[in-house]
Amino acid sequence: MGFQLLKLKSTVQFMKLRVPAMVLSTLLIIGSITSLAINQLNWGLDFTGGTLIEVGYKEAADLEAIRAQMDAGGYSDAVVQNFGSSQDVLIRLAPRDGVKAVEIGDEVMKTLREDGTEVDMRRIEFVGPNVGEELTEQGGLAMLVALICILIYVAMRFEYRFALGSVAALGHDVILTLGLFSILQLEFDLTVLAAVLAVIGYSLNDTIVVSDRIRENFRKIRNAEPEEIINISLTQTLNRTIITSLTTILVLVALFYKGGALIHGFATALLFGVVIGTYSSVYIASAVGLALGISKEDLMPTEVEKEGEDLDPL
1 MGFQLLKLKS TVQFMKLRVP AMVLSTLLII GSITSLAINQ LNWGLDFTGG TLIEVGYKEA
61 ADLEAIRAQM DAGGYSDAVV QNFGSSQDVL IRLAPRDGVK AVEIGDEVMK TLREDGTEVD
121 MRRIEFVGPN VGEELTEQGG LAMLVALICI LIYVAMRFEY RFALGSVAAL GHDVILTLGL
181 FSILQLEFDL TVLAAVLAVI GYSLNDTIVV SDRIRENFRK IRNAEPEEII NISLTQTLNR
241 TIITSLTTIL VLVALFYKGG ALIHGFATAL LFGVVIGTYS SVYIASAVGL ALGISKEDLM
301 PTEVEKEGED LDPL
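Start counting the sequence shown at 1; every next residue gets the next number (the working numbering).
Structure below.
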């Protein structure tokens with residue numbers, strides 16, 4: 001026997017809470033979609049195009065004063081925010097036709113230094129609007145293709161009810177993660193997109209482990225209802241799920257606090273995704289399979305008739 005974090009003597013009745021869990025998930029999905037429709041995502045420079053300038057101050061920066069300076073200098077569209085610390089400031093500007101990024105950087109630094117404040121330029125980046133549009137399309141297509149491939153894979157490996165449950169869980173995780181970034185207006189850039197794709201992979205792995213145990217128990221346990229078998233399977237995989245999630249979360253917390261502002265979005269998306277992915281493996285994938293009427297007959301291996309078996313004996 002391997003290490004067990006929880007020593008459970010009885011089966012946890014997970015499926016008793018499937019209706020409240022489905023109601024909660026439905027409300028969260030509706031809230032996420034509503035926010036995505038109204039607030040949309042706070043697209044990063046990778047997707048919108050434009051100029052990004054990171055500057056450093058000797059003391060804590062006054063963001064309102066900086067915004068007023070930018071407005072007076074003709075940059076009323078500038079997005080000003082702290083980046084990592086109170087002395088570091090990130091300024092994002094929309095694309096400007098016919099103006100080079102270097103020239104914009106020089107003009108912005110001149111504007112910020114007009115009152116005699118000491119300001120250092122840390123970095124400047126420029127992304128064209130055409131590149132941004134292409135990345136948006138390709139990023140959305142990548143998520144769609146990933147979901148379709150997963151649907152085909154799970155349907156071939158297990159059974160179509162498990163496939164639909166798995167894809168429902170993945171869709172649930174992606175929508176809620178995007179909803180989190182929309183509601184909190186966190187910047188959505190390429191690193192966050194990579195995190196969302198990683199969430200799909202993590203959630204799928206968890207769902208497949210659970211589905212594999214459910215299929216195995218359907219074949220082993222003779223006299224039990226589907227709900228009971230699913231509860232037994234989820235209880236048996238609970239230790240593995242908790243240990244995997246905790247070790248992943250420990251790494252992500254370290255990245256979030258020590259990895260720097262550049263990967264805050266990445267760590268945030270993965271932290272939320274790991275938690276919601278663990279939840280969806282239990283209460284979305286398994287519950288959908290149960291709701292679709294999964295039974296022992298659906299999961300029993302097909303019997304292959306041996307050649308000559310139907311011949312009459314001599």
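For every residue, glycine included, the Cβ atom is placed at its ideal position computed from N, Cα and C.
A contact between stretches requires three or more CB pairs, one per stretch, nearer than 8 Å, and the stretch 192–200 fails this requirement with the stretch 216–235. When the beta-carbon positions are compared, T111 and M70 come within less than 8 Å of each other.
With respect to S245, S32 sits apart: the two C-beta atoms are not nearer than 8 Å. Bridge partners of I91 according to DSSP: I53 and V80. Pairwise C-beta distances place the stretch 8–20 out of contact with the stretch 73–92, as fewer than three of them are shorter than 8 Å.
Distance from L184 to F47 at the Cβ level is roughly 17 Å; contact not present, criterion being Cβ atoms closer than 8 Å. Under DSSP, V119 forms a beta bridge with Y57. Contact check for S286 against D206 fails: the beta carbons are separated by 8 Å or more.
Proximity to F188 across G49, I30, L27 and R18 peaks at G49, based on C-alpha coordinates.
N223 has its alpha-carbon roughly 43 Å from the corresponding atom of L180. Excluding five sequence positions before and after D77, the CB atoms of its chain that fall closer than 7 Å to its own CB belong to L93 and A94, given in chain order. Residue A168 holds the alpha-carbon nearest to the alpha-carbon of I29 among A291, L270, A168 and T268.
Nearest to F256 by alpha-carbon distance, out of T241, Y57 and L270, is L270.
The continuous stretches of alpha helix (DSSP H) do not include I263, and DSSP gives it neither H nor E. Of the other Cβ atoms in all chains shown, fewer than 16 fall within 10 Å of the Cβ of E137; this residue is therefore exposed.
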